[in-house]
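The opening position of the sequence shown corresponds to residue 326 in my numbering, with each subsequent residue numbered one higher.
The C-beta atom is built at its ideal place from N, Cα and C for all residues, glycine as well.
Note that the coordinates shown come from a computational prediction; the quantities given were computed from them, not determined experimentally.
First up is the structure itself, then whatever we jot down about it.
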Amino acid sequence: MEKDKSEILTKDVYSRQVKREWKRLVKDSFHNLEFQTTLYFLKKYLQKKGSILDAGGGPGRYAIELAKSGYNVTLLDLVKNNTDFAKKKIKLAKVQNNIKGVFNGSVTDLSVFPDECFDSVICLGGPLSHISEEGKRIKGVSELVRVSKKNSFIFISVMSKIGTLSQAPTKWSKEIKVKQHFQRFISLGEDYKWHGKYYCHFFTLEEMKSLLSKFKNVEILEAVGLEGLGSASPEGINKLSQDRKAWKNWINAHYMLCTHPSVVDMSLHMLLICRKT
């Protein structure tokens, strides 16, 4: 794969599905698990006020939510259509005073920002998963760390290899037939032709820990499976959510178990919560 093709493909795909990505986290109870669980852990760790960089923040759903809570948020995304859309949503939400800037750029190059300028940094939904080269993924993390103040929190979520494989028999049975691509996915977590037209790298928890361990000034505090135990059955989760009592019990179980390592790995998205020391 030639240099930067993954970035070109990512720009192309996400430029054409801005509204889809905006709606994704709230489209149903299953997808909303990713959103609500992320917010739960953001609230658990974030200081009550401060500056936050939302790196790779897409059309701005997290940025707007945090701005509503009083944080000073800077949004950066690779795709201009996303940031143009985000500006409109920011205005509609009337949070312009708390959005300190909207930028186009990659998490691998945050040179527009000086060292240690943000109280916290978030990189959510999988921006690192759309970077093809391991060296560039390392560079992306190094940039997130660089712009974070000492003792600040860094939140990174990525797409999970095992969680995605758990859905493969029902969601992508045709792709499983292509042995070459299927084996590449299993062995490397690499996806050029798995179920989309863009590049995606799917992580295991062990791989994410290994990536973050390269930075001696980064301490991993917690790992979270965002969709948790329901990852293999989105339809079942959506049906269960219609029963108020059952749903309440399920959500309680979800938060009890979503940090168990096996649940983190089997979730479609995993969140790593770190502190810069």
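| Check | Outcome |
| --- | --- |
| Output yes or no for whether 8 Å exceeds the beta carbon distance between A418 and I389. | yes |
| So, at 8 Å on beta carbons, what are the nonlocal neighbours of V472 in its own chain, with the 5 sequence-adjacent residues on each side left out? | L378, L435, F438, P439, D440, E441, C442, F443 and V446 |
| Could you check which residue in I424, L350 and H455 has the C-alpha nearest to that of S431? | H455 |
| Could you compute how far the alpha carbon of T584 sits from the alpha carbon of G550? | 6 Å |
| Any idea what DSSP makes of W519, helix, strand or coil? | Unreliable placement is indicated for W519, whose pLDDT of 43 sits below 50; the coordinate value is still reported in the next sentence. Coil. |
| Compare the C-alpha of G451 against each of N397, E500 and H526 and name the closest. | H526 |
| I think Y339 touches V404, with their Cβ atoms under 8 Å apart; what is that distance to the nearest whole Å? | 5 Å |
| Can you tell me the Cα-Cα spacing of K580 and G460, whole angstroms? | The sequence shown places Tyr at residue 580, not Lys. Using only the alpha carbons, I get a separation of about 34 Å. |
| Where does E359 land, buried or exposed, given buried means 16+ other C-beta within 10 angstroms? | buried |
| Whole angstroms is fine: what's the gap from V589's alpha carbon to T529's? | 9 Å |
| How would you label L597, buried or exposed, when you count the other beta carbons within 10 angstroms and need 16 or more for buried? | buried |
| Just tell me which of N476, M595 and N542 has its CA closest to the CA of E531. | M595 |
| Quick one, which of M591, N423 and I479 has its alpha-carbon nearest S558's? | M591 |
| Name the DSSP bridge partner or partners of L400? | D379 and V427 |
| Going by C-alpha distance, which of G514, I576 and K541 is nearest E458? | G514 |
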